[in-house]
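Beneath this line is the structure, given in structure tokens, with notes to follow.
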Amino acid sequence: MAVTVTNKKAVRKPEKKRKLTWAVLKSQQQLIWMSVPLTLYIILFAYVPVWGWTMAFQNYKPARSFSQQDWVGFKQFKFLFTDDDFMRVLRNTLGMSIINLVLGFVTAIVLALLLNEIRKVIWKRTVQTISYLPHFLSWVIVTGIVATSLASDGIVNDILMKLHLIKEPILWLSEGKYFWGIVGASHVWKEVGWNTIIYLAAMASIDPALYEAAEMDGANRYRKMLHVTLPGIKSTIVILLIMSIGHILDAGFEVQYLLGNGLVVDWAETIDIFVLKYGIAQGNYSLATAGGIFKTVVSVALLLVANWTAKRLGEERLL
Amino acid sequence: MSMENHQISPQGAAGVTIRKSMRSSKVEPVLFNTINAIFMIFLVVVTLYPFLNTIAVSLNAGNDTIRGGIYLWPRQWTLQNYKAVFASGTIYDAFWISVARTVLSTVLNIFLTTMLSYTLSRKEYVFRKPITVIFVLTMYFSAGLIPGYFLIKDLHLLNSFWVYIFPSMISAFNMIVIRTYIGTIPDSLVESAKIDGAGDFKIFLRIIFPLCTPVLATIALFVAVGAWNSWFDAFLYTSSRQELSTLQYELMKLLSSSMNSNSNPNVAAGVGVNQETAVSMVTPLSIRAAITIVASVPILVVYPFLQKYFVVGLNVGSVKE
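Chains as they are written, first to last, in the UniProt record's numbering: chain A, 1 to 319; chain B, 1 to 321.
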């Protein structure tokens with residue numbers, strides 16, 4: 001059956017395409033053995049669990065079989081959008097995500113511009129290597145470092161006290177108003193060096209003749225940065241920006257989970273933590289799954305919009 | 001042959017240096033360079049200080065660290081913290097579980113992902129398009145935490161070592177990166193091997209796999225870092241079996257208990273550290289510092305050597321289908 005259908009399609013296409021016949025299958029049997037089992041594997045681990053989305057439309061009870069479950073339609077979703085708790089985690093997710101996005105982009109671009117101005121290759125390489133280091137540390141280690149640095153006797157309070165900027169140590173991790181900023185700063189500390197790689201690669205491919213021409217016109221260092229380097233990496237910035245829009249609901253999970261505590265819970269919980277809390281800890285699988293579906297659906301929709309935008313802007317396709 | 005090569009390469013390098021120094025020989029504003037240098041030093045200090053401080057704390061007597069004032073250099077040198085870490089059976093076991101899962105994940109992941117990438121790089125392969133689509137779509141959606149948990153449960157992978165390996169054997173993103181790289185290898189290599197009668201598996205193993213070394217080095221590093229650094233799967237799937245715990249998960253438990261109750265001596269006892277040593281020399285803080293160093297050093301000694309390949313693995317812009 002499938003064979004004939006594919007055949008018809010193949011005939012209709014003007015380009016030369018191999019017909020799906022037993023002879024072809026036989027001649028490609030090694031390719032098939034090398035790829036089809038892996039495809040079945042990914043279907044099992046990535047596609048089969050989507051079946052679990054049915055839980056979001058039920059009042060799921062683990063003890064019952066599938067046919068015995070109560071179907072409740074969109075009740076779980078209606079509950080989500082009227083639930084103060086979910087609105088709060090949605091606000092936190094968007095807030096931290098936007099802070100991370102803006103801080104992440106600005107710091108990486110500025111650092112890449114400055115690194116690009118270092119003329120001595122050995123210094124540039126050394127600073128780059130050191131700046132990559134935190135990227136390879138786990139969030140467990142990074143949050144440990146953050147917590148130590150921000151403790152009442154930590155290095156941050158130490159320096160601020162010595163500079164007489166504050167009189168009493170600030171309890172950074174005990175107050176909700178600092179939490180988003182701390183998460184943003186932690187992300188910058190961990191990833192800023194790493195995020196410069198792609199910009200530096202783009203800068204390396206800028207035609208040196210452009211710099212020479214700018215110099216002839218009397219442009220100094222700042223003008224060259226502003227009018228040659230920055231436009232040279234514009235398309236890279238646009239692509240990365242569009243791609244990150246699809247991840248606007250990925251404010252992170254680990255850093256908030258590890259740094260959060262009872263005192264700042266109102267500002268620390270994201271959608272992922274909400275799902276974990278309701279699903280795994282409290283056993284409300286239906287509600288947690290609904291939260292997860294919301295996140296996936298919004299992300300996919302945003303990605304499609306981003307991809308369409310990228311195409312309209314004449315950038316390379318992302319999908 | 002090799003003599004000639006030796007003579008050619010220094011000349012080539014010299015040529016590059018001359019061109020670069022010509023550009024830098026122009027008069028440049030001193031002010032800009034000074035400010036830039038200060039900024040870079042600031043960046044290096046901010047990046048390295050917390051790490052160097054952790055090393056200093058891990059090498060300092062725990063009961064002395066509490067007095068404060070340890071910055072970059074230990075005051076009372078001791079290896080007691082490290083001894084305590086490795087004397088504790090839990091940490092020792094967790095360390096080896098971490099090593100095992102990292103090695104196994106990386107080897108399997110690299111082999112299987114490259115094999116798949118090779119098949120999807122063959123233009124004549126009849127299932128090329130559908131299989132590519134099936135894999136690429138997995139980059140854009142996820143069934144989510146709860147359905148994923150139920151799958152693991154239904155597959156009887158809960159509280160099993162294999163839960164660290166099976167769910168993440170192939171990554172679609174890495175597949176695309178490797179496939180793009182294979183695309184740069186001349187097709188005539190594969191064609192001539194086929195004429196010589198080699199099958200696809202043999203071509204993959206003998207020709208393509210060795211030629212992919214530069215890109216595989218980066219991806220192996222990324223996969224290894226991911227496996228070594230993860231704690232969430234241990235937390236979610238194997239937390240009821242202590243002997244399957246990983247180093248990062250042990251560190252995470254230690255961190256969360258010490259954040260909830262600062263300087264609680266029972267925390268050190270909690271990881272199986274002898275109570276006597278815990279009181280005299282070792283504190284939760286110093287133990288944590290020692291585990292942090294043990295958990296980060298293996299990766300930190302490797303990555304600088306692979307730095308030049310990073311950009312290959314990150315060049316998302318060149319992805320096309």
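Glycine included, every Cβ here is placed at the ideal spot set by N, Cα and C.
Mind checking whether residue i and residue j have CB atoms under 7 Å apart?
i, j, result
"R101 (chain B)", "A224 (chain B)", "no"
"D266 (chain A)", "G184 (chain A)", "no"
"I99 (chain A)", "W180 (chain A)", "yes"
"V228 (chain A)", "L210 (chain A)", "yes"
"A290 (chain B)", "S88 (chain B)", "no"
"Q248 (chain B)", "S138 (chain A)", "yes"
"V89 (chain A)", "E269 (chain A)", "yes"
"I165 (chain B)", "S105 (chain B)", "yes"
"V282 (chain B)", "Q80 (chain B)", "yes"
"M169 (chain B)", "L221 (chain B)", "no"
"L244 (chain B)", "F161 (chain B)", "yes"
"K190 (chain A)", "V142 (chain A)", "yes"
"L113 (chain A)", "M225 (chain A)", "yes"
"A213 (chain A)", "V311 (chain B)", "no"
"T216 (chain A)", "N116 (chain A)", "For the sequence presented, residue 216 (chain A) should be read as Met rather than Thr. No; because the gap between Cβ atoms is not below 7 Å, this pair is not in contact."
"Y60 (chain A)", "S299 (chain A)", "no"
"A251 (chain A)", "S97 (chain A)", "yes"
"I70 (chain B)", "A56 (chain B)", "yes"
Closest Cβ-Cβ distance between residue i and chain B: below 7 Å?
i, result
"L141 (chain A)", "Reading the sequence as shown, one finds Ile at residue 141 (chain A) and not Leu. Interface residue, yes."
"Q68 (chain A)", "no"
"E212 (chain A)", "no"
"P49 (chain A)", "yes"
"residue 360 (chain A)", "With chain A running from 1 to 319 in the structure shown, residue 360 (chain A) is simply not present."
"S35 (chain A)", "yes"
"R221 (chain A)", "yes"
"V156 (chain A)", "no"
"D83 (chain A)", "no"
"V300 (chain A)", "yes"
"Q30 (chain A)", "yes"
"S205 (chain A)", "no"
"I242 (chain A)", "no"
"I159 (chain A)", "no"
"L248 (chain A)", "The displayed chain sequence assigns Ile, not Leu, to residue 248 (chain A). No, because no Cβ of chain B sits closer than 7 Å to the Cβ of I248 (chain A)."
Would you say residue i faces chain A, with C-beta separation under 7 Å as the test?
i, result
"L79 (chain B)", "no"
"Y140 (chain B)", "yes"
"S117 (chain B)", "no"
"F310 (chain B)", "yes"
"G69 (chain B)", "no"
"M40 (chain B)", "yes"
"M175 (chain B)", "no"
"W162 (chain B)", "no"
"N229 (chain B)", "yes"
"G226 (chain B)", "no"
"I66 (chain B)", "no"
Count the other CB atoms within 10 Å of the CB of residue i; is the residue buried (16 or more) or exposed (fewer)?
i, result
"M175 (chain B)", "buried"
"T187 (chain A)", "Note on residue identity: the sequence assigns His, not Thr, to residue 187 (chain A). Buried is the call here."
"residue 324 (chain B)", "Outside the modelled stretch of chain B, which goes from 1 to 321, sits residue 324 (chain B), for which no answer is possible."
"A278 (chain B)", "Annotation note: pLDDT 46 at A278 (chain B) (below 50); position unreliable, coordinate value reported separately. Counting Cβ neighbours within 10 Å, A278 (chain B) comes out buried, since at least 16 surround it."
"G292 (chain A)", "buried"
"R122 (chain B)", "buried"
"N266 (chain B)", "Note that N266 (chain B) has pLDDT 44, beneath the 50 cutoff, so the model's placement of it is unreliable and the number below is only indicative. Exposed, because fewer than 16 other Cβ atoms sit within 10 Å of the Cβ of N266 (chain B)."
"R241 (chain B)", "exposed"
"Q68 (chain A)", "exposed"
"A268 (chain B)", "The pLDDT assigned to A268 (chain B) is 44, lower than 50, so where the model puts this residue is not dependable; a value taken from the coordinates is nonetheless given after this. Under this definition A268 (chain B) is a buried residue."
"Q28 (chain A)", "buried"
"D153 (chain A)", "exposed"
"K253 (chain B)", "buried"
"S318 (chain B)", "The predicted model places S318 (chain B) with a pLDDT of 44, which falls under 50 and marks its position as unreliable; any figure quoted below should be read in that light. Answer is exposed; the Cβ neighbour count stays below 16."
"E250 (chain B)", "buried"
"T129 (chain A)", "exposed"
"S258 (chain B)", "buried"
Taking CB distances under 7 Å as the criterion, tell me whether residue i reaches chain D.
i, result
"Q242 (chain B)", "The question asks about chain D, but that chain is absent: this structure's protein chains are A and B."
With 8 Å as the C-beta to C-beta threshold (strictly closer), list the residues of the region 177-208 of chain B near chain A in chain order.
Those would be G199, D200, F201, F204, in chain order.
Kindly confirm or deny that the region 98-108 of chain A and the region 305-316 of chain A touch, where touching means at least three C-beta pairs closer than 8 Å.
Three or more Cβ pairs closer than 8 Å define a contact, and the region 98-108 of chain A falls short of that threshold against the region 305-316 of chain A.
Flag this pair as touching only if the region 275-284 of chain A and the region 135-149 of chain B have three or more C-beta atom pairs under 8 Å; answer yes or no.
Touching, yes, given that three or more Cβ pairs across the two stretches are closer than 8 Å.
Any residues in the region 281-313 of chain B with a beta carbon nearer than 7 Å to a beta carbon of chain A? Which ones, in chain order?
Of all residues in the region 281-313 of chain B, R288, T292, A295, S296, I299, L300, Y303, P304, Q307, F310, V311 have a Cβ within less than 7 Å of some Cβ in chain A.
Contact between the region 291-306 of chain A and the region 238-248 of chain A is defined here as three or more beta-carbon pairs at a separation below 8 Å; is this criterion met?
Contact between the region 291-306 of chain A and the region 238-248 of chain A is present: 3 or more CB-CB pairs across the two stretches fall below 8 Å.
Is it true that the region 111-123 of chain A meets the region 37-45 of chain B, where meeting means three or more beta-carbon pairs spaced less than 8 Å apart?
Three or more Cβ pairs closer than 8 Å define a contact, and the region 111-123 of chain A meets that threshold against the region 37-45 of chain B.
Beta carbons nearer than 8 Å to chain A: which residues of the region 42-59 of chain B have them?
Closer than 8 Å at the C-beta level to chain A, one finds these residues of the region 42-59 of chain B: L43, V44, V46, T47, L48, Y49, P50, F51, N53, T54.
Between the region 271-298 of chain A and chain B, which residues of the former have a C-beta closer than 8 Å to a C-beta of the latter?
Answer set for the region 271-298 of chain A: D272, V275, L276, G279, I280, Y285, A288, T289, G292, I293, K295, T296.
How do the region 42-58 of chain A and the region 136-144 of chain B stand: do at least 3 beta-carbon pairs fall below 8 Å, yes or no?
As far as the Cβ criterion goes, the region 42-58 of chain A touches the region 136-144 of chain B, which means the pair count is three or higher.
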